[in-house]
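Under the working numbering, the residues of the sequence shown are numbered 607 to 891, in order. The structure appears below as structure tokens.
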Amino acid sequence: MRRDSKSLGVLAISSAAIIWGSNGVIVNSLPLDAFTIAFFRVLLASIILLPFMLLFRRVDLLRIVESWKLVILNGFLLCLGWAFLFASMRLIPIANAVLLNYLAPIFTAILSPITLKERLEKTAIIALILSFIGVILISQDEVIGASASNLLGILYGLLAGLSYAGFIIVSKRLRGEFPSLVMAFYSYVFAAVFLALMVQPAPPTLSPYSWLLLLTLGGVNTGLAVTMYLYGLGSVEAHRAVILTYLEPLSAAIFGLIFLGQVLGALDLVGGALILFSGYLVARS
Numbered sequence: 607m608r609r610d611s612k613s614l615g616v617l618a619i620s621s622a623a624i625i626w627g628s629n630g631v632i633v634n635s636l637p638l639d640a641f642t643i644a645f646f647r648v649l650l651a652s653i654i655l656l657p658f659m660l661l662f663r664r665v666d667l668l669r670i671v672e673s674w675k676l677v678i679l680n681g682f683l684l685c686l687g688w689a690f691l692f693a694s695m696r697l698i699p700i701a702n703a704v705l706l707n708y709l710a711p712i713f714t715a716i717l718s719p720i721t722l723k724e725r726l727e728k729t730a731i732i733a734l735i736l737s738f739i740g741v742i743l744i745s746q747d748e749v750i751g752a753s754a755s756n757l758l759g760i761l762y763g764l765l766a767g768l769s770y771a772g773f774i775i776v777s778k779r780l781r782g783e784f785p786s787l788v789m790a791f792y793s794y795v796f797a798a799v800f801l802a803l804m805v806q807p808a809p810p811t812l813s814p815y816s817w818l819l820l821l822t823l824g825g826v827n828t829g830l831a832v833t834m835y836l837y838g839l840g841s842v843e844a845h846r847a848v849i850l851t852y853l854e855p856l857s858a859a860i861f862g863l864i865f866l867g868q869v870l871g872a873l874d875l876v877g878g879a880l881i882l883f884s885g886y887l888v889a890r891s
């Protein structure tokens with residue numbers, strides 16, 4: 607029975623990672639800026655998750671008030687992370703944007719001694735060096751003969767990873783106090799509030815197809831996929847879960863090739879491998 611549960615957990619996390627890999631294609635298919643797309647993503651995810659919260663987690667919805675400052679901070683970091691990631695996806699190949707976002711575990715390991723009073727391990731330093739080399743390799747094609755937009759795309763990707771690292775650190779502070787799904791729900795709600803202040807005041811005029819893409823991004827790629835991921839964490843070890851999520855940049859590269867004609871060069875592949883290996887080292891330590 608335990609083996610079946612673990613197999614389902616692996617399947618759930620793997621499926622979630624593959625679904626997340628399609629985010630870049632959706633973002634590049636929408637006639638909206640990155641902040642507006644991120645706003646609709648978290649807004650729709652919040653609306654979809656609300657009935658489940660009221661049915662199954664009503665008490666926890668009220669308890670979270672005890673840590674409202676950290677919950678609001680988490681929402682702010684999430685809104686920055688997704689907005690920067692989507693902005694990066696618009697300017698550089700989506701696989702590279704996702705890979706830069708996957709620097710988050712490295713940033714987390716470096717910042718943890720300051721924020722969580724955790725010891726800085728040698729593994730984290732090695733991972734930082736390897737990931738830095740990986741970023742340089744990924745950036746080569748963008749920097750050589752690059753326009754300002756290419757460089758901005760790299761910067762946005764790095765800021766996305768840094769924001770997500772902050773999100774991970776705050777989530778660690780909240781972990782154990784509240785169920786993960788409740789934390790995710792409130793993070794979406796407050797991210798939507800912050801993003802509402804950044805988007806254009808007039809509602810955009812969108813085609814039915816664009817609304818379908820937004821519903822997919824909010825309902826499937828966020829609400830469903832995050833729920834699947836959290837379910838999988840219940841039966842899969844954390845370091846194995848991290849490794850399984852590496853299917854996201856792989857699927858992002860495949861989706862980018864099929865739907866957007868984005869081909870990664872040899873330097874991109876080597877740089878991406880170094881970043882993913884760095885994340886693996888941190889997860890195993």
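Ideal Cβ positions, reconstructed from N, Cα and C, are used throughout, including at glycine.
Assignment of alpha helix (DSSP H) within the region 684–735, counting only whole runs of 4 or more residues, yields 700–707, 710–721 in chain order.
For valine 633, the enclosing alpha helix (DSSP H) stretches over residues 629–635.
The beta carbon of serine 816 sits closer than 7 Å to the beta carbons of Leu636, Pro637 from its chain, once the five residues preceding and following it are set aside; these are given in chain order.
If you compare the alpha carbons of Ile731, Ala689, Ser786 with that of serine 769, the shortest gap goes to Ala689. In the structure shown, arginine 663 falls within a coil segment according to DSSP collapsed to helix, strand and coil.
By DSSP's assignment, arginine 781 forms a beta bridge with Phe784. Sixteen is the threshold: when 16 or more other Cβ atoms of the shown chains lie within 10 Å of the Cβ of threonine 642, as they do, the residue is buried. Taking a C-beta distance under 7 Å as the contact criterion, phenylalanine 784 and aspartate 666 qualify as a contact pair.
Phenylalanine 682 and leucine 801 have their C-alpha atoms spaced approximately 8 Å apart. Sequence-distant partners of isoleucine 625 (beyond 5 residues in either direction) whose C-beta falls short of 7 Å from its own C-beta, in its chain, are Val826, Asn827, Ala831. Between the C-alpha atoms of threonine 822 and arginine 779 there is a straight-line separation of about 31 Å.
In the structure shown, glutamine 868 adopts coil according to DSSP, grouped into three states. Fully contained in the region 794–874 are the following alpha helix (DSSP H) runs of length 4 or more, in chain order: 814–821, 831–839, 844–850, 853–866. Nearest to leucine 870 by C-alpha distance, out of Phe796, Ala701, Val631, is Ala701. With a cutoff of 7 Å on beta-carbon distance, valine 616 and valine 842 are scored as near each other. If you check the CB distance, phenylalanine 883 and glycine 627 do not come in under 7 Å. Distance from the CA of threonine 811 to the CA of lysine 612, rounded to the nearest whole angstrom, comes to 45 Å.
Cβ atoms of asparagine 707 and glycine 763 come within 8 Å of each other, at about 6 Å. DSSP, read as helix, strand or coil, puts leucine 668 in helix.
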